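J.: In the working numbering, the protein residues as written are 9 to 163. Ideal Cβ positions, reconstructed from N, Cα and C, are used throughout, including at glycine. None of these values were measured; they are calculated from a predicted model.
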Amino acid sequence: MGYIEELRELVGTRPLILTGVTALVIDQHRRFLMVQSGKIWKIPGGFIELGETAEDACRREIFEETGINIGNLQLIGVFSGRDFFTKLPNGDEYYPITLAYVTEDIRSGDIKADEVEIQKAQFFKWSAFPKELTPRDRQIFQSFVENLILERRRG
């Protein structure tokens with residue numbers, strides 16, 4: 009049993025604050041890695057376990073969900089607040105604090121969904137991107153694009 013499951017045994021479905029990680033993984037063709045969970049396409053990621061660094065959790069989650077090993081990560085931003093409140097079908101509630109990263113450092117692995125949490129894993133060109141994004145993912149992509157624009161203006 010993991011940390012979150014142990015907490016749930018103590019507090020039931022009441023809201024928790026949970027720290028998660030996600031990464032925009034960009035391949036050599038400038039495509040973005042997305043995963044499908046249920047009917048929704050999203051940026052891969054998950055929650056940090058006890059004693060784990062955010063970066064190690066991000067690498068672990070990407071590998072578990074997609075089979076891809078990533079290396080260096082650059083922080084995009086931290087996303088939290090009322091807008092990201094989540095109520096799961098089983099009644100569990102939480103407010104996530106999500107550390108979002110970007111990487112082009114794909115080290116190894118063949119893309120393959122875990123088929124437990126994730127049904128599909130796929131790289132998408134910007135022009136063929138899934139239209140339905142969660143508010144969190146929409147905000148992460150927006151911050152990523154804004155950061156790119158700022159970098160280009162500086163450079």
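Inspect the beta-carbon positions of T27 and A108 and report whether they are closer than 9 Å.
T.: No, they are not a contact pair.
J.: Could you tell me which residues DSSP puts in a beta bridge with T30?
T.: Bridge partners of T30: G53, A108.
J.: Could you pull out every residue in the same chain whose Cβ sits closer than 6 Å to the Cβ of E73, ignoring the five residues on either side in sequence?
T.: Cβ within range, chain order: V43, P52, D122, I126.
J.: Could I get the ranges of all uninterrupted beta strand (DSSP E) runs contained in the stretch 59-124, with 3 residues as the minimum, in chain order?
T.: 82-87, 101-111, 114-116, all fully within the stretch 59-124.
J.: How about D113 and G79: are their beta carbons less than 9 Å apart?
T.: Contact: yes.
J.: In whole angstroms, what separates the C-alpha of N155 from that of T94?
T.: Distance between the alpha carbons of N155 and T94 is about 27 Å.
J.: Among the residues of its own chain, which have a CB less than 8 Å from the CB of N98, if the five just before and after it don't count?
T.: Hits under 8 Å: T21.
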